[in-house]
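A.B. asks: Per the working numbering, the very first residue in the sequence shown carries number 612; after that it's consecutive.
Heads up, the beta-carbon is just placed ideally off N, CA and C, and yes, glycines get one too.
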Amino acid sequence: MITVIVVIAAIVIGVVLWFLRDRKVQRTEDMNYHFTNTVEYINTGNYVRAKEECEQAQKLAEKLKDSSMRNRLQEYSFVIETVILADESYSSADYEAAEEYYLSALDRTRYADNVGTDYIENKLENISVFLSVEDYINLGDSLLEQGDYDGAEEKYLLAKKAALSVHDAEGKQTAMDSLEKLYEEKADAESAAQEEADSQAQQTVAAAEMVAAGDKACLEKDYVGAKVYYTMAVAKYGEVADTAGQEDAQKKLDAVEEKLSEQEEQKNTAAAYESQGEACRQSGDLWGAKSQYLSAKSVYQELGSDEDVQRIEGILSDIDMQITEG
Numbered sequence: 612m613i614t615v616i617v618v619i620a621a622i623v624i625g626v627v628l629w630f631l632r633d634r635k636v637q638r639t640e641d642m643n644y645h646f647t648n649t650v651e652y653i654n655t656g657n658y659v660r661a662k663e664e665c666e667q668a669q670k671l672a673e674k675l676k677d678s679s680m681r682n683r684l685q686e687y688s689f690v691i692e693t694v695i696l697a698d699e700s701y702s703s704a705d706y707e708a709a710e711e712y713y714l715s716a717l718d719r720t721r722y723a724d725n726v727g728t729d730y731i732e733n734k735l736e737n738i739s740v741f742l743s744v745e746d747y748i749n750l751g752d753s754l755l756e757q758g759d760y761d762g763a764e765e766k767y768l769l770a771k772k773a774a775l776s777v778h779d780a781e782g783k784q785t786a787m788d789s790l791e792k793l794y795e796e797k798a799d800a801e802s803a804a805q806e807e808a809d810s811q812a813q814q815t816v817a818a819a820e821m822v823a824a825g826d827k828a829c830l831e832k833d834y835v836g837a838k839v840y841y842t843m844a845v846a847k848y849g850e851v852a853d854t855a856g857q858e859d860a861q862k863k864l865d866a867v868e869e870k871l872s873e874q875e876e877q878k879n880t881a882a883a884y885e886s887q888g889e890a891c892r893q894s895g896d897l898w899g900a901k902s903q904y905l906s907a908k909s910v911y912q913e914l915g916s917d918e919d920v921q922r923i924e925g926i927l928s929d930i931d932m933q934i935t936e937g
């Protein structure tokens with residue numbers, strides 16, 4: 612009887628041990644299966660499914676109390692979770708955040724058998740291009756603000772090329788919009804420049820006409836009129852920044868002002884002769900008076916003052932009559 616009980620107990624224990632062993636073997640196989648799937652999904656860039664498989668493998672590693680595999684899977688899990696966060700930032704075009712996550716994940720891959728490094732490095736390369744697109748556009752904007760249209764166009768075209776290389780539709784559109792804006796501003800600037808050039812040409816012609824009018828006035832000894840024309844010409848040349856024209860007009864203006872100053876002195880001299888002549892006439896010195904008035908007449912003739920010449924001739928006629936009568 613005892614022998615039978617021992618045999619039965621041995622059989623039961625054997626069955627239990629076999630069951631436990633079989634369950635462990637099955638769990639180990641399942642864990643390895645999920646781990647293999649984790650690696651395969653990572654290699655295909657499907658980190659969401661990789662996360663699911665990794666979690667299944669982790670649960671089995673816990674049940675198996677496999678500390679080595681548990682630690683290994685923990686490193687895989689960190690890489691997977693970080694890449695998922697990076698992918699989310701990448702998809703929302705937050706490339707700076709994505710770059711930070713990818714770099715963190717890449718750093719930890721050395722503890723996870725360097726899994727997924729190709730995927731991560733490819734993303735980082737794309738981010739570099741995406742950021743270069745943004746940098747090129749920013750540089751283009753800066754050059755555009757400075758009025759450097761050729762430089763801005765070059766940067767926008769580089770941005771467009773970079774965006775096309777990584778299928779960055781948003782970056783491409785931004786570059787194209789920037790180019791369109793540039794061409795519009797360039798056309799407006801060229802139109803404004805042409806209008807300014809036309810206006811300056813008209814101003815220059817007007818200034819030249821004023822100089823010509825001043826020259827004509829000088830020939831006619833109308834120095835007051837000449838001064839007005841030359842003064843206007845100097846101002847016009849200054850408005851169009853024509854230094855040479857302005858200097859030439861200024862020289863003529865200076866010469867006219869000097870001539871006017873000389874004329875003023877001559878008028879004063881003639882007036883003095885008249886005053887002295889009248890004094891002689893009043894004192895009865897008719898020959899002395901005639902001499903003074905003749906001097907005054909000579910000055911007025913030099914000045915081209917016909918009116919004053921005629922006036923003096925009238926006085927001289929009166930004096931001659933007085934001399935004859937005397």
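Between K838, A882, A828 and L717, which has its C-alpha nearest Y687's C-alpha?
C.D. replies: Nearest option by C-alpha distance: L717.
A.B. asks: Assuming L769 and Y747 are in contact, meaning their beta carbons sit under 8 Å apart, how far apart are those beta carbons, in whole angstroms?
C.D. replies: Going by Cβ atoms, the distance from L769 to Y747 rounds to 5 Å, so yes, they are a contact pair.
A.B. asks: Alpha carbon to alpha carbon, what distance is there between G915 and V839?
C.D. replies: Near 19 Å, if we compare the C-alpha coordinates of G915 and V839.
A.B. asks: Could you check if H645 is buried or exposed, using at least 16 other CB atoms within 10 Å of its CB as the buried criterion?
C.D. replies: Counting Cβ neighbours within 10 Å, H645 comes out buried, since at least 16 surround it.
A.B. asks: Determine contact between the stretch 650–659 and the stretch 717–732, defined as no fewer than three beta-carbon pairs at a distance below 8 Å.
C.D. replies: Result yes; three or more Cβ-Cβ pairs closer than 8 Å.
A.B. asks: Under three-state DSSP, which class holds A723?
C.D. replies: Three-state DSSP puts A723 in coil, outside helix and strand.
A.B. asks: Taking only three categories from DSSP, how would you classify H645?
C.D. replies: In the structure shown, H645 sits in a helix (DSSP, three-state: H, G or I).
A.B. asks: Going by DSSP in three states, E764 sits in which element: helix, strand or coil?
C.D. replies: Three-state DSSP puts E764 in a helix.
A.B. asks: Is K940 helix, strand or coil by DSSP?
C.D. replies: Here the chain comprises residues numbered 612 to 937, so residue 940 is not present and cannot be evaluated.
A.B. asks: Under three-state DSSP, which class holds Q757?
C.D. replies: Reduced to three states, the DSSP call for Q757 is coil.
A.B. asks: Which word fits K734, buried or exposed, when buried means at least 16 other C-beta atoms lie within 10 angstroms of its C-beta?
C.D. replies: So K734 ends up on the buried side.
A.B. asks: Would you mind working out which of L675, A798 and E663 sits nearest V636, comparing C-alpha positions?
C.D. replies: Nearest C-alpha to V636: L675.
A.B. asks: Three-state secondary structure (DSSP) at V777?
C.D. replies: V777: coil per DSSP, three-state reduction.
A.B. asks: What would DSSP say about L675, mapped onto helix, strand or coil?
C.D. replies: Of the three classes helix, strand and coil, the one that applies to L675 here is coil, per DSSP.
A.B. asks: Report the residue from E831, A819, S886 and V867 whose alpha carbon sits nearest the alpha carbon of A855.
C.D. replies: When each option's Cα is compared against that of A855, the closest is A819.
A.B. asks: In or out: L684 buried (at least 16 other Cβ within 10 Å) or exposed?
C.D. replies: L684 comes out buried.
A.B. asks: Using the C-alpha atoms, what's the distance from L750 back to G782?
C.D. replies: Spanning the two alpha carbons is a distance of roughly 14 Å.
A.B. asks: Can you tell me the Cα-Cα spacing of G849 and A823, whole angstroms?
C.D. replies: Near 17 Å, if we compare the C-alpha coordinates of A823 and G849.
A.B. asks: Alpha carbon to alpha carbon, what distance is there between E868 and A800?
C.D. replies: Those two C-alpha atoms are separated by around 42 Å.
A.B. asks: Sort F741, I691, S703 and E710 by Cα distance to N725 and report the nearest one.
C.D. replies: Out of F741, I691, S703 and E710, I691 has the C-alpha closest to the C-alpha of N725.
A.B. asks: In this structure, how does DSSP classify S916 when only helix, strand and coil are distinguished?
C.D. replies: Of the three classes helix, strand and coil, the one that applies to S916 here is coil, per DSSP.
A.B. asks: Between which two residues does the alpha helix (DSSP H) carrying T854 extend?
C.D. replies: T854 -> alpha helix (DSSP H) spans T854 to S894.
A.B. asks: What residues in its chain sit with their C-beta under 7 Å from that of S906, if we drop five residues either side in the sequence?
C.D. replies: The answer, listed in chain order, is Y884.
A.B. asks: Can you tell which of L871, V694 and S789 has the C-alpha that lies nearest to the C-alpha of Y767?
C.D. replies: Nearest option by C-alpha distance: S789.
A.B. asks: Using the Cα positions of D809 and T842, report the straight-line distance between them to the nearest angstrom.
C.D. replies: Whole-angstrom Cα-Cα distance: 23 Å.
A.B. asks: Do E664 and N648 have their C-beta atoms closer together than 7 Å?
C.D. replies: In this structure, N648 lies closer than 7 Å to E664 by Cβ.
A.B. asks: Cα separation between L951 and A866?
C.D. replies: The structure shown does not extend to residue 951, since the chain is modelled only from 612 to 937, so the question has no answer here.
A.B. asks: Going by Cα to Cα distance, which pick from I695, Y760 and A668 is closest to N682?
C.D. replies: If we check each option's Cα against that of N682, A668 comes out closest.
A.B. asks: If we count the other Cβ atoms within 10 Å of its Cβ and call it buried at 16 or more, is Q857 buried or exposed?
C.D. replies: Buried, because 16 or more other Cβ atoms sit within 10 Å of the Cβ of Q857.
A.B. asks: Taking T639 as the reference, give the member of K662, Y658 and D677 with the closest Cα.
C.D. replies: Residue D677 is the option with its Cα nearest to T639.
A.B. asks: Given 8 Å as the limit, is there contact between the stretch 928–935 and the stretch 883–903, that is, 3 or more CB pairs closer than that?
C.D. replies: Contact holds: three or more Cβ-Cβ distances are below 8 Å.
A.B. asks: Output the distance between the C-alpha atoms of V920 and E913, rounded to the nearest integer angstrom.
C.D. replies: Going from the Cα of V920 to the Cα of E913 covers about 10 Å.
A.B. asks: From Y658 to D759, what distance separates their C-alpha atoms?
C.D. replies: Computed Cα separation, rounded: 46 Å.
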